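Visitor:
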Amino acid sequence: MTSASPMPRRRLFKAGVALTTAAAMAPALTSTPATAAPGARPDELRARFADLERRYGARIGVHARNARTGRTVAYRAGETFAMCSTFKPFAAAAVLRDHGDCAPLDKVIHYPPRDILANSPRTEAHLATGMTVGDLCAAAIQYSDNTAGNLLLRQLGGPEGLTRFFRSLGDPVSRLDRWETDLNTAVPGDPRDTTTPEALGAAFQRLTLGRALSRADRERLVTWLKGNTTSGERFGAGLPQDWVLADKTGTGDYATANDIGVAWTTRGTPLLLTVLSTKDTKDAPVDNRLIRDAAAVLAEALAPGE
């Protein structure tokens, strides 16, 4: 589940920092912190993210990559975090790739009132008429509509189906075990419904910039992501306003606040960004500024001057 104001447009160490350059487009797998000026030493990058953790009383995981230069920034990128609603673009991608026969985008899905969950603005508004599979994909991604998320999971064979999809992407880590809204409990140490920044970021790159989907389906997924309305106070606030952003947020208990996306700079350079975070107290308030500040650090580190 997620909420935030609308935005106008838009790898393996235990922990530590990595800033690398690779010629290949395949995602580097590393775990680390990142930050500010280009050429900054790893210890400077570590210090920057550690400072964010102290300032906000949170644990943060980062994996980000300049897809043109291969430069990668990572912090706690191999540590486990709750996925929350960041599963939704993957569910939509699984529908696009594997379920066009039984769930074509123009197929209308009807659902009873008992299926409506909290934070389901689009499905609630269309209860009388139902929604097409394509519209459910858009609702799940752009409004983090929880009912839409569950209706997509039904097309995949439930959470297990989505986990199989992650494995097909070469992701051995990410897993979905429960449905909305139980998957948002985010209890520290609970392995259910979890991922790592490195694993999620690599899978997201394969979908949005790689060849995991056909060209048409990739473009459709990215278009949905560009229309996201929930990240105005997260990536949308931390990145330059003239960049084009395609992303998805996630929010849960223990102040879980996530954002994953790809941002194109003014020069058209794509940056893959994954920022996941959590706190130690179940009812701790979510602070979107943590994600905002992490995004600003990544923008400066990976695309200085753009």
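In the working numbering, each residue's number is its place in the sequence shown (first place is 1) plus 8.
Where a beta carbon is used, it is the ideal one built from N, C-alpha and C, also for glycine.
What you are looking at is a predicted structure, and each value in this text was computed from that prediction instead of being measured.
(1) Using a Cβ-Cβ cutoff of less than 8 Å, which residues in the same chain neighbour L279 once the five nearest sequence positions on both sides are dropped?
(2) What distance in whole Å lies between the Cβ atoms of I299 and D267, which are believed to be in contact at a cut-off of 8 Å?
(3) With C-beta atoms as the reference, is Y262 less than 8 Å away from T282?
(4) For the alpha helix (DSSP H) that contains T304, what are its first and last residues?
(5) Please check the pair D201 and A66, which I expect to be a contact at CB under 8 Å, by giving their CB distance rounded to whole angstroms.
(6) Which same chain residues end up closer than 6 Å to T131 when comparing Cβ atoms and leaving out the 5 residues on each side of it in sequence?
(7) How many angstroms separate the CA atom of K256 from the CA atom of C110?
(8) Mapping the DSSP letters down to three states, classify A75 as helix, strand or coil.
(9) Does the separation of the CB atoms of P167 and D185 fall below 8 Å?
(10) How many whole angstroms separate the CB atoms of K115 and T137, which I take to be in contact at a CB cut-off of 8 Å?
(11) Quick check: the Cα distance between A207 and R297, rounded to an integer number of angstroms?
(12) So G246 packs on D301, CB below 8 Å; how close in whole Å?
(13) Could you tell me whether the Cβ atoms of A147 and D179 are closer together than 8 Å?
(14) Out of G260, F174, P199, point me to the one whose CA is closest to A220's CA.
(15) Tell me which residue opens and which closes the beta strand (DSSP E) that P278 is part of.
(16) Across which residues does DSSP place W272 in a beta bridge pair?
(17) Along the chain, where does the beta strand (DSSP E) containing T80 start, and where does it finish?
(18) Nearest to D190 by CA position, among A224, L125, H107, T238, is which residue?
(19) In this structure, does DSSP put N127 in helix, strand or coil?
(20) With a CB to CB cut of under 7 Å and the five nearest residues on each side skipped, what residues in its chain are close to A99?
(21) With a threshold of 16 other CB atoms inside 10 Å of the CB of D143, please say whether the residue is buried or exposed.
Guide: Let's see:
(1) Correct list, in chain order: A72, R73, N74, A75, V270, A271, W272, T273, L306, A307, L310, A311.
(2) 5 Å between Cβ atoms; contact.
(3) Contact flag unset, no.
(4) Rather than Thr, the amino acid found at residue 304 in this sequence is Ala. It spans 296-310 - the alpha helix (DSSP H) in which A304 sits, taken as one unbroken run.
(5) That pair is no contact at about 19 Å.
(6) In chain order, D153, T155, A156 place their CB closer than 6 Å to the CB of T131, counting only its own chain and leaving out the 5 sequence neighbours on each side.
(7) Distance between the alpha carbons of K256 and C110: 26 Å.
(8) Here A75 sits in coil by DSSP.
(9) It is a contact, given that the beta carbons lie within the stated cut-off.
(10) About 14 Å separates the two Cβ atoms, so there is no contact after all.
(11) C-alpha separation (whole angstroms): 24 Å.
(12) Going by Cβ atoms, the distance from G246 to D301 rounds to 6 Å, so yes, they are a contact pair.
(13) No; because the gap between Cβ atoms is not below 8 Å, this pair is not in contact.
(14) Nearest C-alpha to A220: F174.
(15) Counting along the chain, the beta strand (DSSP E) containing P278 begins and ends at 278-286.
(16) In the DSSP output, where bridge partners are listed per residue, W272 has V252, P278.
(17) For T80, the enclosing beta strand (DSSP E) stretches over residues 80-83.
(18) The shortest Cα separation from D190 among A224, L125, H107, T238 belongs to L125.
(19) Reduced to three states, the DSSP call for N127 is coil.
(20) A distance below 7 Å between beta-carbons, with the five flanking residues on each side excluded, links A99 to the following residues of its chain, in chain order: A148, G157, L160, L161, L164, L170.
(21) Its Cβ being crowded by 16 or more others within 10 Å, D143 is buried.
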